[in-house]
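Chains as they are written, first to last, in the numbering used here: chain V, 315 to 827; chain W, 89 to 343.
Don't be surprised by glycine CBs; every beta carbon is placed ideally from N, CA and C.
All figures in this text were calculated on a predicted structure; none of them were measured in a lab.
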Amino acid sequence: MTGILAILLGLGDKLAAHVLLAAGAIALGIVVALPLAVWASRSPPVARIVLGFASLVQTIPALALLALFFPILLSLRAVFGQELPTLGFLPALLALALYALLPILRNAVTAREHMAPGVLEAADGVGMTAWQKLRLVEAPLAAPYVMAGIRTASVWTIGAATLSTTVGQPSLGDPIFAGLQTQNWALVLAGCIASAALALVADLLLGAIERGFAARRKTLVWGGAALALLGVAAAGWSQADFGENDDDTVVIGAKSFSEQYILARLIGQRLRDVGYDVAYREGLGSAVVHDAVATGAIDIAIDYTGTLWTNEMNRDGNPGRDVVYRTIKEWAEETNGIRVLGRLGFENAYALAMREDRARDLGVRSIADLVRVAPGLTIGADPEFFRRPEWFAVRDTYGLRFGRQRTFTPTFMYNALQSGEADVISAYTSDGRIAADRLVVLDDPQNAFPAYDALVLIAPDRADEERLLRALRPLIGAIDVEAMRKANLSVDRAENKLSPAEAADRLAGEIGF
Amino acid sequence: MPIPSESELHLANLTKSFGAVRAIDGIDLAVPRGSFVALVGASGSGKSTLLKTINRLVAPDDGAILFRGTDVRSGPAPALRRRIGYVFQSIGLFPHMSVAENIGIGPRLAGQPIGTGRIAELLELVELEGGHAARMPHELSGGQRQRVGVARALASDPQLLLMDEPFGALDPVTRDALGRRVRELHGRLGLTTLMVTHDMTEALLLAERVLVMARGRIVADESPRALLAGAGGEEAQALVAVPRDQADAIAELEK
Chain V
315 MTGILAILLG
325 LGDKLAAHVL
335 LAAGAIALGI
345 VVALPLAVWA
355 SRSPPVARIV
365 LGFASLVQTI
375 PALALLALFF
385 PILLSLRAVF
395 GQELPTLGFL
405 PALLALALYA
415 LLPILRNAVT
425 AREHMAPGVL
435 EAADGVGMTA
445 WQKLRLVEAP
455 LAAPYVMAGI
465 RTASVWTIGA
475 ATLSTTVGQP
485 SLGDPIFAGL
495 QTQNWALVLA
505 GCIASAALAL
515 VADLLLGAIE
525 RGFAARRKTL
535 VWGGAALALL
545 GVAAAGWSQA
555 DFGENDDDTV
565 VIGAKSFSEQ
575 YILARLIGQR
585 LRDVGYDVAY
595 REGLGSAVVH
605 DAVATGAIDI
615 AIDYTGTLWT
625 NEMNRDGNPG
635 RDVVYRTIKE
645 WAEETNGIRV
655 LGRLGFENAY
665 ALAMREDRAR
675 DLGVRSIADL
685 VRVAPGLTIG
695 ADPEFFRRPE
705 WFAVRDTYGL
715 RFGRQRTFTP
725 TFMYNALQSG
735 EADVISAYTS
745 DGRIAADRLV
755 VLDDPQNAFP
765 AYDALVLIAP
775 DRADEERLLR
785 ALRPLIGAID
795 VEAMRKANLS
805 VDRAENKLSP
815 AEAADRLAGE
825 IGF
Chain W
89 MPIPSESELH
99 LANLTKSFGA
109 VRAIDGIDLA
119 VPRGSFVALV
129 GASGSGKSTL
139 LKTINRLVAP
149 DDGAILFRGT
159 DVRSGPAPAL
169 RRRIGYVFQS
179 IGLFPHMSVA
189 ENIGIGPRLA
199 GQPIGTGRIA
209 ELLELVELEG
219 GHAARMPHEL
229 SGGQRQRVGV
239 ARALASDPQL
249 LLMDEPFGAL
259 DPVTRDALGR
269 RVRELHGRLG
279 LTTLMVTHDM
289 TEALLLAERV
299 LVMARGRIVA
309 DESPRALLAG
319 AGGEEAQALV
329 AVPRDQADAI
339 AELEK
């Protein structure tokens, strides 16, 4: 419990960012929804179209909606120029605002439909203009309903805003995603508690405003509104203070698994030592990391040769580890100016792994041996794996056909193997759990999986920043797979866990810094 | 047709259709200043539609309406409506405004808000106590609400009062009392009043001229005395027969 409390106390920045994001999204939602609602209340076809669109948006999972804004904003750069941010606050704001539309719109339209016709006729009869009718009659009568819609939207938005972590916007989702990946449940709980508490407070304040409107008690309306605005202002003030020297802050990105968290901290600590301010964007979707570096949304990231080879360059075939590396280095520097500083020294390849006893019983030592028994087995993999070219390559090279495919988050994938819910998993070769869980990594005699050397990528803006490059060069070739596995395990194991920062410290010691 | 100079209201060749239904079918009508006219007819006879064309709540397809010699379409509709009192069956008090705010809304819209003294005066006109001013509409009885509705219609000192089934939803005692009061105010304030009702008794007792409508046309235009004497034709007489038979039956019971 004291652990969670300590984490909660350290979430101030995330909370402030979360409040600003949610408040911004709701404000934008209101600004768009209210005029639309007025228009819809005067035209049934408009009402149908607008409500239909808002309902449709609502059916898109929030995670997907957030991710969709990355390509949308990227293509909008053609119109608004290269300065348009594609990750972080803007896509999160837009996606959440779209999400907030429906409850506000629906309540506003319903409120208008439920207004007594006699009252509206009287408004005309006493000589109100359309504007006076809206201002003096329709708006005040609709206010409690609209407020109820805003309240619903706020609770949704505060919850969904935790997902904005995946597009690089700091939020209370950061501890949740980090905790899920490293099985640090205190971190997950702290994130959930903070976000739920925020939602409850918002619900309480907006509920007071709603009751104030319904009972025509101005003190309740103004009191609730003042407290809510005060909260947002406080969040804004703390963030403004925090972001003063933003320009000199190096932003380090990390995908959502332990190795990435640890390496991000390792890099961050080295940069701090030479005087940089460092910020982390953790829990990023794997697909957005490369583009985020290319566009400068993040300055530094660790990616893997095999990932870039197959997913960014759309290449298949495996010409050999060194050729792949050199080709990627040239390609990245030519196409988008990303500096590939070098290879860290270890590989985190995809591989198929089994429990030792199970492999022995079935007589399986390589992927080729697996072909014969696969129809009776279940393969478990992370959510990306079955759509990745690497899987197609392995499947087609060997002619693999499993009885069943299941997807898990990486953490639960290992648990599934232990509990027998999966027979084979798509493991990562640098994962400490391979040794800890006594897993067998199956041989790949036909080299169907490409190599996955860990690379340091540097954004075009920083590609020639000698102070930064000098701080990072010692990392090149310095981390072997044993050291990485050990660091990963220290974060992933169930007992006696280290935080990514602590693991990074130890790793630094291990490799001689 | 020459327009009589003392006409408060003049309707010429007025027509309005809703789809295939002719709600008003070529009506010509002159209403002299200061008269109290009742429009009587069955549901769907077009009487309500006719009334609402006058304050432009309904736009006619054809024809013209002159109010004090000026075409009602010559200015903006809200400005016209502020000069005409309008009372209707569902009353339409604004639920979020107090009685005083409801009564004062017309003058407020016109940019000449009225004070508490004038509100008290208007409340007195409709026989409500001054203490009602601060109440909210939901705290009033149905009869009190319609009294406020009448006060609201009178607040801008209109010359013309339009009433659409004004007492239709009230209990008979309240209905009778409020009807008499409105008749009295009509005389005292020098109003021209048009009242739509489906109740011939009400029309006969309050109006000095009764128009009977059927199928969008005026089928009879008589004084109450003439109607009771048998004038106005078959449709009018069918309507007059109802209260007369009721009165006869009651007189029979009293013997």
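Item to check | Other residues of its chain near F827(V): CB distance less than 8 Å, five sequence neighbours each side excluded | outcome: R584 and P788
Next on the checklist: When you compare the CB of G180(W) with every CB in chain V, is at least one pair closer than 8 Å?
Outcome noted: yes
Next on the checklist: Please tell me whether I772(V) and A797(V) are closer than 8 Å, where the distance is taken between their beta carbons.
Outcome noted: no
Item to check | Residues of its chain near A785(V), where Cβ-Cβ distance is below 6 Å and the 5 sequence neighbours each way are ignored | outcome: R584, L585 and V588
Checklist entry - What residue range is occupied by the uninterrupted alpha helix (DSSP H) comprising K800(V)? => result V795 to D806
Next on the checklist: For A188(W) and A222(W), which I take to be in contact (beta-carbon distance under 8 Å), what is that distance rounded to the nearest angstrom?
Outcome noted: 7 Å
Checklist entry - So, is the C-beta of P166(W) closer than 8 Å to a C-beta in chain V? => result yes
Checklist entry - What does DSSP give as the partner residues of L248(W) in its beta bridges? => result I172(W) and T280(W)
Item to check | Where H428(V) falls: helix, strand or coil (DSSP) | outcome: coil
Checklist entry - When the Cα atoms are used, what is the spatial distance from G230(W) to A317(W)? => result 36 Å
Checklist entry - If you draw a straight line from the C-alpha of L213(W) to the C-alpha of A239(W), how long is it? => result 7 Å
Item to check | Assigned secondary structure, V638(V) (DSSP; H/G/I helix, E/B strand, else coil) | outcome: helix
Checklist entry - Mind checking whether D806(V) and S570(V) have CB atoms under 8 Å apart? => result no
Next on the checklist: Would F828(V) and A673(V) be called neighbours here (beta carbons separated by less than 8 Å)?
Outcome noted: Residue 828(V) falls outside the range modelled here, since chain V spans only 315 to 827, and no answer is possible.
Next on the checklist: Would G597(V) and T480(V) be called neighbours here (beta carbons separated by less than 8 Å)?
Outcome noted: yes
Checklist entry - Just the Cα atoms here: how many angstroms apart are D488(V) and I681(V)? => result 37 Å
Next on the checklist: Between M442(V) and chain W, is any beta-carbon pair separated by less than 8 Å?
Outcome noted: yes
Item to check | P431(V): CB within 7 Å of a non-hydrogen atom of the ligand GDP | outcome: Among the components modelled here there is no ligand, and therefore nothing to report on the ligand GDP.
Next on the checklist: Short of 6 Å in beta carbon distance, which residues of its chain neighbour L760(V), apart from the five on each side in sequence? Order them along the chain.
Outcome noted: The question names Leu, but residue 760(V) is Gln in the sequence shown. For Q760(V), where only same-chain residues beyond five positions count, the Cβ hits under 6 Å are T711.
Item to check | Residue from G734(V), D757(V) and A695(V) whose Cα sits closest to the Cα of F722(V) | outcome: A695(V)
Next on the checklist: For S804(V), tell me which candidate among F763(V), G823(V), L401(V) and R747(V) has the shortest Cα-Cα distance.
Outcome noted: R747(V)
Item to check | Length of the line joining the Cα atoms of A295(W) and P225(W) | outcome: 30 Å
Next on the checklist: I need the straight-line Cα distance from S178(W) to F384(V), nearest angstrom please.
Outcome noted: 54 Å
Item to check | Alpha-carbon spacing of N190(W) relative to G219(W), whole angstroms | outcome: 15 Å
Checklist entry - Which ranges would you report for the alpha helix (DSSP H) in the region 759-788 of chain V if only whole runs of at least 4 residues count? => result 780-786
Checklist entry - G482(V): buried (16+ other C-beta within 10 angstroms of its C-beta) or exposed? => result buried
Next on the checklist: Counting only Cβ-Cβ distances shorter than 7 Å, please list the residues of the region 185-216 of chain W near chain V, keeping chain order.
Outcome noted: I193, G194 and L197
Next on the checklist: Buried or exposed for H604(V), going by 16 or more other Cβ atoms inside 10 Å?
Outcome noted: buried
Checklist entry - If you draw a straight line from the alpha carbon of D819(V) to that of C506(V), how long is it in whole angstroms? => result 28 Å
Item to check | Where the alpha helix (DSSP H) containing Q396(V) begins and where it ends | outcome: Counting along the chain, Q396(V) falls outside any alpha helix (DSSP H), and DSSP gives it neither H nor E.
Next on the checklist: I want to verify the contact list: residues of chain V whose CB lies under 7 Å from the CB of R223(W), in sequence order.
Outcome noted: Result: empty, since nearest Cβ-Cβ is about 13 Å, beyond 7 Å.
Checklist entry - Given that a residue counts as buried once 16 or more other Cβ atoms are within 10 Å of its Cβ, and exposed if not, what is N421(V)? => result buried
Next on the checklist: Taking a contact to mean a Cβ-Cβ separation below 8 Å, would you say L756(V) touches L676(V) in this structure?
Outcome noted: no
Item to check | Neighbouring residues, chain W, relative to V423(V) (Cβ below 8 Å) | outcome: None at all; the shortest Cβ gap to chain W is about 19 Å.
Checklist entry - Which residues does DSSP pair with K104(W) in a beta bridge? => result I112(W)
Next on the checklist: So with CB distances below 9 Å, who are the chain W contacts of A462(V)?
Outcome noted: Going along chain W, no residue has its Cβ under 9 Å from A462(V), so there is no contact; the nearest lies around 16 Å.
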